[in-house]
Structure formats: C-alpha cells, structure tokens
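Position 15 of the sequence shown, counted from 1, bears residue number 14 in numbering that gives the first Met the number 0, the numbering being contiguous throughout.
For each residue, glycine too, the CB sits at the ideal point set by N, CA and C.
Notes follow the structure.
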Amino acid sequence: MDLQVVWYVLAGILILVGIAGTVLPALPGLPLVFAGMLLAAWAGDFQQVGWLPLVALGLLTALSVVIDFLATAVGAKRVGASRLAVAGAMLGTFAGLFFGPIGLFTGPFLGALAGELIHGRQVGKATKVGFGTWLGIVMGVVLKLGLAFAMLGLFALAWFL
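Below, the structure written as structure tokens:
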C-alpha cells in the first residue's frame, strides 16, 4: 500500500473523530478536524490545498475554541448560574457519556441543576439555571457542528478547485 494512502486514511479518521468530538465533550472536535485536513494537505504536498485555505481553516478552528468556552458561560450567566452550576454542567456532560445519547442530552442539565441545589438555590431557580446552562451547551454544539461543516466545505472547495 502506498504511504500517501495511509496518510489520507489517517486524515479521514482524524476528521471523523473530530466531527464526533463536536458533540462528545471528551474530544477536541474541530482541532482534530483541522489536524486531519492539515495532514491531508501535507500528504498531497499542499498541491490541492494551499496555505490560504489552511489559514482560513485555522481561524475557524480558533473560533470553535472560543465558542466552546463562551457558549456554556453565556447560557449560565443569562440565568444567573453559580460556579457550582457550571461545574455541575461540565461534570454532567462527562457523566452523560456513559449513558449514550440520552445521557449526553440530559447530563449537562442534571449537573447544572445539582450544582445549583448544592449552592442552596430553590428547586424552581435551580431548574431555570439548569435549563439555561444546558441551552448554552446545546447552542455551542450546534455552532461547532456548523463550523465543522463549513470547514469541510471550504476544504472540499480548495481541494477540487
């Protein structure tokens, strides 16, 4: 097998794992997508994809990291979440990994709710904070998925044009 094919297969795996990482919190989603694209460009001696598209892809990757940090914080702040709620949402997200899609969907909410209850908030306020924090995480995932597909489109355009 040609070594270049091995590099392309590895690049494809990195991209697929990166796309999964936009939903799974344990994986650095778009940085892995970018690494896969950079590897594919390198494997092709940068003939199909040059430096300009790679810079644009790098900037989109940096934007995704900012979105990752801000989405939860903005959702939490809008509803007056405590630090325990944000920490609970993160822990709930990781715990949700073990319960499949339902866990990924409900884990952040339950974690934020638990954090607020530990903080001493009433159930009604804690539920509102849990929902706001969860909504921030969901919006972050949606934005990162949009960026992932924009990156794929940009890479495909650069590759084929």
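With contacts defined by Cβ atoms closer than 8 Å, L59 and M150 form a contacting pair. Out of V16, V140, A80, the CA that lies nearest to the CA of A125 is found in A80.
Following the DSSP letters along the chain, one finds G49 in no alpha helix (DSSP H), marked with neither H nor E. Only residues of its own chain outside the window of five on either side were considered, and among them L38, A39, W41, A42 have a CB closer than 8 Å to the CB of W6, listed in chain order. Fully enclosed alpha helix (DSSP H) runs of no fewer than 4 residues occupy 28 to 42, 50 to 77, 82 to 95 of the stretch 28 to 112, in order along the chain.
About 2 Å separates the beta carbons of G106 and G95, which is inside the 8 Å limit, making them a contact pair. The continuous alpha helix (DSSP H) containing V141 extends over residues 122 to 159.
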